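Structure first, commentary second.
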Amino acid sequence: AQSVTQLGSHVSVSEGALVLLRCNYSSSVPPYLFWYVQYPNQGLQLLLKYTSAATLVKGINGFEAEFKKSETSFHLTKPSAHMSDAAEYFCAVSDPRNTDKLIFGTGTRLQVFP
Amino acid sequence: KAGVTQTPRYLIKTRGQQVTLSCSPISGHRSVSWYQQTPGQGLQFLFEYFSETQRNKGNFPGRFSGRQFSNSRSEMNVSTLELGDSALYLCASSLSGQGEAYTFGSGTRLTVV
C-alpha cells in the first residue's frame, strides 16, 4: 500500500527566505508524485508532478521538487518566499499500475512573515 | 478553457436527508474523481469514474455513491446524512487518469446540522 508523510503541519518563513516543505513516500513500485497548493476556500491547484522523467521537477510560481529514490523523498522548495505563497500544500502519490487514485499527505500550512 | 465546475458551492442539510452534488469536468476530460476533505481526516479518495464506469472506490460506506454520464459530467450522492459527513467535497478531472495530473474544482462545502 502506498502512503505519504508530510513532516511539519506548519512551516513559517520570512519573506525572501528559502521555503522547504518535506514529503516522504512509501511505495512498492516507483510512484507518480505530485504537489498541490490550496488557498482558503478554494480547490487544489497543481504545482508540479513527477512521472519518472527528470528527477528535478520545476513547477509553477518558482517551486521545484527533487525525487530522491534512495531517501524516498520528494521535498518541495522555493528559493525566495513571497507573501502570496501563504497557503496549504499537499503532497500526493499514485501507483503507476493504478493511477486513478491519489493518496494525499496531511498537508503543510505555510506562513510567510514580512 | 473552462475549469472544473462544481455546484452548488455551499449546501446545508439536516441529518437523515440525502444530497446530490454535481461536477462538470474540463471539456475532453473523461476521468472524474471525488475526494472528501475534513480537518480530521484530510483528503480522502471517494471514487473515480471513466467513460461512465466506476474504476476505483475508496473506503466509504455504501451511503456514498456516484455516477458519470455520457458527457462525462458526474454526480455524487450521499444518503441518510450524518453530522460527520460535513466536509468539503472536491471533484477532479483528467483526460484519462493514466498518470496525468488531475485538475480540481473549487469544491462543494456541505454542512450537516
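Protein chains in written order, with our numbering: chain X, 441 to 554; chain R, 7 to 119.
Note that beta-carbon positions come from the ideal geometry of N, C-alpha and C, so glycine has one too.
In this text, all values refer to a predicted model and were calculated from it rather than measured experimentally.
Query                                                                                                                   : Result
Simplified DSSP assignment, three categories, for Gly502/X                                                              : helix
Contact set between Ala107/R and chain X, taken where Cβ atoms lie within less than 8 Å                                 : Phe474, Leu486 and Lys489
Outcome for Ile500/X when other beta-carbon atoms lying within 10 angstroms are tallied against a minimum of 16         : exposed
Simplified DSSP assignment, three categories, for Glu81/R                                                               : strand
Reduced DSSP category for Glu528/X - H, G, I as helix; E, B as strand; rest coil                                        : strand
3-residue-minimum beta strand (DSSP E) runs that sit fully inside the stretch 39-84 of chain R, ordered along the chain : 48-56, 59-63, 70-74 and 80-84
Separation of Asp540/X from Tyr55/R, as counted between CA atoms                                                        : 9 Å
C-beta neighbour in chain R for Gly499/X, strict 8 Å                                                                    : no
Test: Leu542/X CB closer than 8 Å to a CB of chain R                                                                    : yes
DSSP state of Ser510/X mapped onto helix, strand, coil                                                                  : helix
Residue from Pro14/R, Thr20/R and Thr13/R whose Cα sits closest to the Cα of Val118/R                                   : Thr20/R
Limits of the beta strand (DSSP E) - the one that Val477/X falls within                                                 : Tyr472 to Gln478
Contact list for Gly61/R against chain X, beta-carbon separation under 8 Å                                              : Residue 61/R is actually Arg in this sequence, not Gly. Here the neighbours are Asp540.
First through last residue of the beta strand (DSSP E) which encompasses Arg562/X                                       : As shown, chain X starts at 441 and ends at 554. That puts residue 562/X outside it, with no answer to give.
Start-to-end residues for the beta strand (DSSP E) that takes in Thr114/R                                               : Thr114 to Val118
Between the CA atoms of Glu511/X and Ser76/R - distance to the nearest angstrom                                         : 44 Å
Exposure label - Pro31/R; buried when at least 16 CB within 10 Å                                                        : buried
Classification of Gln74/R by the beta-carbon crowding that lies within 10 angstroms, buried from 16 upward              : buried
Among Gly90/R, Gln43/R, Gln47/R and Phe53/R, the one whose alpha carbon lies nearest that of Leu484/X                   : Gln43/R
Contact with chain X by Ser80/R, beta-carbon distance below 8 Å                                                         : no
CB-CB length for Thr86/R against Gln24/R, believed under 8 Å                                                            : 7 Å
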